[in-house]
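These protein sequence lines map, in sequence, to chains A and B.
Each residue of the first sequence is one higher than the one before, starting from 1 at the first, in the numbering used here.
Each residue of the second sequence is one higher than the one before, starting from 1001 at the first, in the numbering used here.
Here's the structure, in structure tokens; my notes come after.
Protein chains: 2
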Amino acid sequence: MAADKRRNATIHDVAETAGVAVGTVSRYLNGQMVRQSNRVEIERAIEALGFQRSAVAKAMKSETTDVIGFLVPNFDEFHARLLNQLARLFRQSGRTMLTYCHDGDRKLLKEAVTFFANQRVDALVLAGSGDISAEVEMLVDRGVPVTVYNNDVMGLRVDRVFVENASASSRAVEHLIAVGHRRIATVYGLQDESTGVQRLEGYCRALKAHGLAVDPDYMHPGAWGEEGGYSAVQKFMTLDKPPTAIFSANYQMTIGILEWMREHGLRVPEDIAIVSFDDVELFRLYDGGITAVMQPIDKIAESIASYVLSRLSKDELPDIRTRTLDCNIILRGSSGYER
Amino acid sequence: MAADKRRNATIHDVAETAGVAVGTVSRYLNGQMVRQSNRVEIERAIEALGFQRSAVAKAMKSETTDVIGFLVPNFDEFHARLLNQLARLFRQSGRTMLTYCHDGDRKLLKEAVTFFANQRVDALVLAGSGDISAEVEMLVDRGVPVTVYNNDVMGLRVDRVFVENASASSRAVEHLIAVGHRRIATVYGLQDESTGVQRLEGYCRALKAHGLAVDPDYMHPGAWGEEGGYSAVQKFMTLDKPPTAIFSANYQMTIGILEWMREHGLRVPEDIAIVSFDDVELFRLYDGGITAVMQPIDKIAESIASYVLSRLSKDELPDIRTRTLDCNIILRGSSGYER
DNA sequence: TTGTATGCGTTATCAG
DNA sequence: CTGATAACGCATACAA
Chain A
1 MAADKRRNAT IHDVAETAGV AVGTVSRYLN GQMVRQSNRV EIERAIEALG FQRSAVAKAM
61 KSETTDVIGF LVPNFDEFHA RLLNQLARLF RQSGRTMLTY CHDGDRKLLK EAVTFFANQR
121 VDALVLAGSG DISAEVEMLV DRGVPVTVYN NDVMGLRVDR VFVENASASS RAVEHLIAVG
181 HRRIATVYGL QDESTGVQRL EGYCRALKAH GLAVDPDYMH PGAWGEEGGY SAVQKFMTLD
241 KPPTAIFSAN YQMTIGILEW MREHGLRVPE DIAIVSFDDV ELFRLYDGGI TAVMQPIDKI
301 AESIASYVLS RLSKDELPDI RTRTLDCNII LRGSSGYER
Chain B
1001 MAADKRRNAT IHDVAETAGV AVGTVSRYLN GQMVRQSNRV EIERAIEALG FQRSAVAKAM
1061 KSETTDVIGF LVPNFDEFHA RLLNQLARLF RQSGRTMLTY CHDGDRKLLK EAVTFFANQR
1121 VDALVLAGSG DISAEVEMLV DRGVPVTVYN NDVMGLRVDR VFVENASASS RAVEHLIAVG
1181 HRRIATVYGL QDESTGVQRL EGYCRALKAH GLAVDPDYMH PGAWGEEGGY SAVQKFMTLD
1241 KPPTAIFSAN YQMTIGILEW MREHGLRVPE DIAIVSFDDV ELFRLYDGGI TAVMQPIDKI
1301 AESIASYVLS RLSKDELPDI RTRTLDCNII LRGSSGYER
């Protein structure tokens, strides 16, 4: 009656060959007290049968899966590092991460939340997005801890981890002003996301603080993609007075800018200086380097993990929390800085 | 007796408020025939209760989770795209992907296989690795379809998807020979992985085919990391006759080479020409571009998915299959090609 | 078509 | 400390 090799062995099989009751095996598996002689018998049986405890059945009974859902927008460099760090931190507490990538597809975004709900994840981490609050609220109501990062999603009882988008952007633009630029353009991100709004706000704030006009001609929407940066710089260069510098609100758009400039034989920073949000490997290696706002990814991961894990241990923390982290600006050649 | 908002509603709750039996609800959920009037009642009840079917209980009963495990070495550009494509293909068949990243950590590698076994994934995809065969074999014996890519893992009844590492490498080196290089070095990958062996083999084969000596001084192990490329070029440049070109067996090592050259003010391709395995974004944008072997990632994903899904539909396909895909070489400035 | 009953592999609750 | 047994939420034979 023991497992026939194809079939998975169960704790019943283990109990039988070890000559004990299933309850004893279960207790052994959960690190509770078991008589020494039984312990060795159980271990022997587990080894012999190749027993692997079913996480499915465990979840069924215990109402907890030890899995944390992560709704990823995409697998860019930022998220590659964030995923790595988060997975590491969660693993230390015996949990794992289930990722679902939506790639900006609004339909997938909602499917993902349903998927996580079906999977009964113990907690959910996601980058905020406007039209997702209804679905997420359902999870929150069920008592699933949710943590939001990057973009805010208003009116939800969730923990939040952000970076100082506005002030970092402002400092980035002030750096351009400091090295002598007066005609500074920006390609900005989606305005229905808080990062998009705040980074644009930082740009405007810096100009105003230094008595420079905020000129609509120098502001181009980019939708976060390479094409956005590409068409922005293309448009800027048709102006009577083209900008001498561009602040780009994320790295994908910056790549688009660089692409256009390469195709048209323009040089950085001689023809146009560049400062970008997000510090990626390319910016370190590119020609003289690209000056960039570096997000503290490891700290973001730690903050998210600490929020999630705290809610998972104590069962009910009273108030929702928000943490907003500082960014550093890495000076490189693209803003005229000599290394 | 209906769900109290905090608790998850079950099909029993749905059945009760819809005034039907649980079996009927279950059949409705699985798309079987249900009387029209009952159908609307059930839908109404589901909506009212916010019912979400428990994937855990479904898996418990049906012995299938609709989840496919993917053991990822890391989240580099190659895997970012591979994950995206694979997730998309699996999604189309109603399945999702559970990823576990081991980052080259041998302990995590084994833990991951155990994890997937516990989670009862329906199938497993992984990059081969020498010391993992024992753990994987256990899954194979249980009848879990396993598909291996990138590196082979010998002696296992699994499907395999590779690229033509040797011939692509050979062609890459021949390209360097064709543009006039005679002192061509290589920084190669781990020799306990088939990709490492084959790419080095391709390098040697090209040299021999053109009557050039295979000189150990021109061959440096790189272990796939940036440091490997960095120290390789460092060593090469101390030689009496430094190489005029380098073939790098992956992109991370190439980045290390570029880093060293930047630090020491050497130029590509004037001082050293470069051809690299893996085509990444950086190589497209870098200065005059880096000539690279482009792996057909989308085709790799399609092949993996088709292998996995075929084994999941028909229950028993007789023989294991292997597919080996061709690579293109993208010519750019780093090998002296003018664009 | 529908209802009822059983079992999937665990954990938890009891008596022993 | 251990053994027996009842859930957990769903799918599925089987009978109606």
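Even for Gly, the Cβ is constructed at its ideal location relative to N, Cα and C.
TODO: Under 6 Å Cβ to Cβ from asparagine 1074/B, same chain only, skipping five residues before and after it: list those, please.
DONE: Asp1103
Task: Reference arginine 1183/B, options Leu1126/B, Val1146/B and Phe1247/B, closest by Cα - done: Phe1247/B
- [ ] Tell me, please, which residues DSSP counts as bridged to valine 1072/B.
- [x] Cys1101/B
Open item on the list: According to DSSP, simplified to helix, strand and coil, what is alanine 1112/B?
Closed with: helix
Task: Residues that histidine 79/A bridges to, as DSSP identifies them - done: According to DSSP, which records beta bridges pairwise, histidine 79/A is partnered with nothing at all.
Open item on the list: Under DSSP, the alpha helix (DSSP H) around methionine 1261/B begins and ends at which residues?
Closed with: 1251-1263
Task: Exposure of asparagine 30/A, with buried meaning 16 or more beta-carbon neighbours within 10 Å - done: exposed
Open item on the list: Taking 9 Å as the threshold (beta carbon to beta carbon), is arginine 106/A in contact with chain B?
Closed with: no
Task: C-beta atoms of alanine 168/A and leucine 312/A nearer than 9 Å - done: no
Task: Residue-chain proximity (methionine 1001/B, chain A), Cβ-Cβ < 9 Å - done: Any reading at methionine 1001/B must be qualified, since the residue scores a pLDDT of 34, below 50, and its modelled position is unreliable; the value itself is stated next. Output row for methionine 1001/B: interface = no.
Open item on the list: Does arginine 106/A pass the burial test, meaning 16 or more other C-beta atoms within 10 Å, or should it be called exposed?
Closed with: exposed
Task: aspartate 1159/B - partner residues in DSSP beta bridges - done: Thr1147/B
Open item on the list: My parser needs the beta strand (DSSP E) runs of 3 or more residues fully inside the stretch 224-312 of chain A; what are they?
Closed with: 245-248, 273-277 and 291-294
TODO: Would you verify that the beta carbon of serine 54/A is, or is not, closer than 9 Å to some beta carbon of chain B?
DONE: yes
Open item on the list: Would glycine 31/A pass as an interface residue toward chain B - the criterion being a Cβ-Cβ separation below 9 Å?
Closed with: no
Task: Own chain, CB closer than 8 Å to alanine 2/A, minus 5 neighbours either side, in chain order - done: Below a pLDDT of 50, predicted positions are generally treated as unreliable, and alanine 2/A, at 39, falls in that range; the measurement from the model is reported next regardless. Same-chain partners within the cutoff: Ala9, Asp13, Glu16, Thr17 and Leu49.
Task: Alpha-carbon spacing of aspartate 287/A relative to aspartate 1287/B, whole angstroms - done: 6 Å
Open item on the list: So that I know if they touch, is there some Cβ in chain B lying closer than 9 Å to that of phenylalanine 340/A?
Closed with: Outside the modelled stretch of chain A, which goes from 1 to 339, sits residue 340/A, for which no answer is possible.
- [ ] Can you give me the Cβ contacts of glycine 130/A inside the same chain, cut-off strictly under 6 Å, excluding the 5 residues immediately before and after it?
- [x] Asp192
Open item on the list: Here's a check: name, in chain order, each residue in its chain whose Cβ is nearer than 8 Å to the Cβ of leucine 1282/B, leaving out the five neighbours to either side.
Closed with: Tyr1251, Ile1255 and Ile1290
Task: Chain-ordered neighbours of alanine 1232/B on chain A, where CB pairs are closer than 7 Å - done: Correct list: empty, because the minimum Cβ distance to chain A is about 17 Å.
Task: Given 8 Å, three or more beta-carbon pairs between the stretch 321-329 of chain A and the stretch 255-268 of chain A - done: no
TODO: Please report the residue range of the beta strand (DSSP E) in which methionine 1154/B lies.
DONE: Unbroken run through methionine 1154/B: none, as it is neither H nor E.
TODO: Note down, in chain order, all residues in the stretch 250-269 of chain A with a beta-carbon under 8 Å from any beta-carbon belonging to chain B.
DONE: Ile255, Leu258, Glu259 and Arg262
Task: Simplified DSSP assignment, three categories, for tyrosine 337/A - done: coil
TODO: Tell me, please, which residues DSSP counts as bridged to leucine 1207/B.
DONE: Beta-bridge pairing links leucine 1207/B to no other residue.
- [ ] Could you tell me the boundaries of the alpha helix (DSSP H) in which methionine 60/A lies?
- [x] 55-62
- [ ] Classify glutamine 32/A as buried or exposed, calling it buried when 16 or more other Cβ atoms lie within 10 Å of its own Cβ.
- [x] exposed
Task: Contact set between phenylalanine 1115/B and chain A, taken where Cβ atoms lie within less than 7 Å - done: Thr96
Task: Inter-residue Cα distance where the pair is arginine 321/A and valine 158/A - done: 8 Å
Task: Distance CB(isoleucine 272/A)-CB(alanine 292/A) smaller than 9 Å - done: no
- [ ] Determine the contact status of glutamate 1113/B and tyrosine 1149/B, defining contact as a CB-CB distance below 9 Å.
- [x] It should be pointed out that residue 1113/B corresponds to valine in this sequence rather than to glutamate. Not closer than 9 Å, so no.
TODO: Go to methionine 1219/B, then tell me how far its beta strand (DSSP E) extends in each direction, as first and last residue.
DONE: 1219-1221
Open item on the list: Beta-carbon within less than 6 Å of phenylalanine 162/A's beta-carbon, same chain only, minus the 5 sequence neighbours each way: which residues are those?
Closed with: Thr324
Open item on the list: Counting only Cβ-Cβ distances shorter than 8 Å, please list the residues of the stretch 38-65 of chain A near chain B, keeping chain order.
Closed with: Gly50, Gln52, Arg53, Ser54, Ala55, Val56, Ala57, Ala59, Met60 and Thr65
Task: Opposing strand residues paired with tyrosine 1188/B [DSSP bridges] - done: Pro1221/B
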